[in-house]
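As structure tokens, the structure follows; a few thoughts come after it.
Protein chains in written order, with the numbering used here: chain A, 859 to 971; chain B, 82 to 195.
Here it is as structure tokens:
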């Protein structure tokens, strides 16, 4: 079974631009979560989707948004990029509705110049 | 507020030595507890989890962790460290009340000396 796939692996953008990151969960997994990882801050929860519905959202500005498609694939979008948005963005999927075990992708490393 | 504290940012041990990584949590009820490991350039891999029952849980790669409710701790241990254990380790509190999110500690980076 293929793991969680995130694309692209690396991304370089400039301030003010927008970016879209993609995540394909493990086949059969219906929940997708997104986390932002920065040195010293650990992982910060962005949002979680289950069957195309956002069930929870972290404390991030409205520039961060996401969605999930009917095939469970998910995208997150960051508009008006700021230098502080530079981070590793991790996607995780889980099978059931209670997220008892997360399977992580390798992440998208975003650098904002 | 819910939180997870990993007091050690860096730990260095010699290969073959024992290891204990500390984790303290703040949560309103008995939480789901997890330890994940992250190798450079990779995502996180689950080492072990505690939901209920026996407070000593066994995981992959020879790791174990003990849940101590009185101390709000969930420390990770390994009796003999291998060079391949060098990585970053994250403790996390998971959703028990339908919040559908994990709260992660800031991580402990483990260095193993040959």
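Cβ atoms here follow ideal geometry from the backbone N, Cα and C, with glycine treated the same way. This structure is a prediction, so every number in the text was calculated from the model and none was measured.
Just reading off the beta strand (DSSP E) that residue 885(A) is part of, what are its end residues?
-> Position 27 of the first chain, counted from the first residue, corresponds to residue 885(A). No beta strand (DSSP E) holds residue 885(A); DSSP gives it neither H nor E.
Do you know offhand how far residue 95(B)'s Cα is from residue 878(A)'s?
-> The residue labelled residue 95(B) in the question sits at position 14 within the second chain. The residue labelled residue 878(A) in the question sits at position 20 within the first chain. Distance from the CA atom of residue 95(B) to the CA atom of residue 878(A), rounded to whole angstroms, is 43 Å.
Consider the Cβ of residue 954(A): report whether some Cβ of chain B lies at a distance smaller than 8 Å.
-> Reading the first chain from its first residue, position 96 is the one you call residue 954(A). Answer no: the Cβ-Cβ gap between residue 954(A) and chain B never drops below 8 Å.
Taking just the CA atoms, how far does residue 944(A) sit from residue 961(A)?
-> If you number the first chain from 1, residue 961(A) lands on position 103. If you number the first chain from 1, residue 944(A) lands on position 86. Going by the C-alpha atoms only, they are around 23 Å apart.
Pick from 147(B), 100(B) and 107(B): whose alpha carbon is nearest that of residue 192(B)?
-> Within the second chain, the letter at position 111 stands for residue 192(B). Distances from the CA of residue 192(B) to each of 147(B), 100(B) and 107(B) were compared; the closest alpha carbon is that of 100(B).
Are the Cβ atoms of residue 894(A) and residue 964(A) separated by less than 8 Å?
-> Counting from 1 along the first chain, the entry for residue 894(A) is found at position 36. Counting from 1 along the first chain, the entry for residue 964(A) is found at position 106. No, these two residues do not count as a Cβ contact at 8 Å.
Residue 83(B) CB to nearest chain A CB: under 8 Å?
-> Position 2 of the second chain holds residue 83(B). Output row for residue 83(B): interface = no.
Euclidean distance between Cα positions of residue 151(B) and residue 947(A) = Here the question's residue 151(B) lines up with position 70 in the second chain. Here the question's residue 947(A) lines up with position 89 in the first chain. The alpha-carbon atoms of residue 151(B) and residue 947(A) are separated by roughly 35 Å.
Spatial neighbours of residue 48(B) in its chain, beta-carbon cut-off 6 Å, leaving aside the 5 residues before and after | Since the displayed chain B opens at 82 and closes at 195, residue 48(B) lies outside it and no answer follows.
How is residue 119(B) classed by DSSP in three states: helix, strand or coil?
-> Numbered from 1 along the second chain, position 38 holds the residue referred to as residue 119(B). Residue 119(B): strand per DSSP, three-state reduction.
Against chain B: residues of the stretch 918-947 of chain A by CB proximity under 7 Å = Listed in sequence order: no entries.
Using 7 Å as the cut-off, classify the Cβ of residue 146(B) as near or not near the heavy atoms of the ligand SAH, replying yes or no.
-> The ligand content of the structure shown is nil, which means the ligand SAH is not present either.
Candidates 908(A), 899(A), 967(A) and 875(A): closest to residue 891(A) by CA position = For the purposes of this step, residue 891(A) is identified with residue 33 of the first chain, where counting begins at 1. Nearest in C-alpha terms to residue 891(A), of all of 908(A), 899(A), 967(A) and 875(A), is 908(A).
Within 8 Å (strictly less), CB to CB, does residue 113(B) reach chain A?
-> Indexing the second chain from 1 puts residue 113(B) at position 32. Interface residue, yes.
Report the neighbours of residue 913(A) on chain B: residues whose CB is nearer than 7 Å to its CB, in chain order.
-> As a first step, residue 913(A) is located in the first chain; it is residue number 55 there, counting from the start. What residue 913(A) touches in chain B: 181.
Give a yes or no on whether 8 Å exceeds the smallest Cβ distance from residue 188(B) to chain A.
-> As a position in the second chain, residue 188(B) is number 107, starting the count at 1. Answer yes: the Cβ-Cβ gap between residue 188(B) and chain A drops below 8 Å somewhere.
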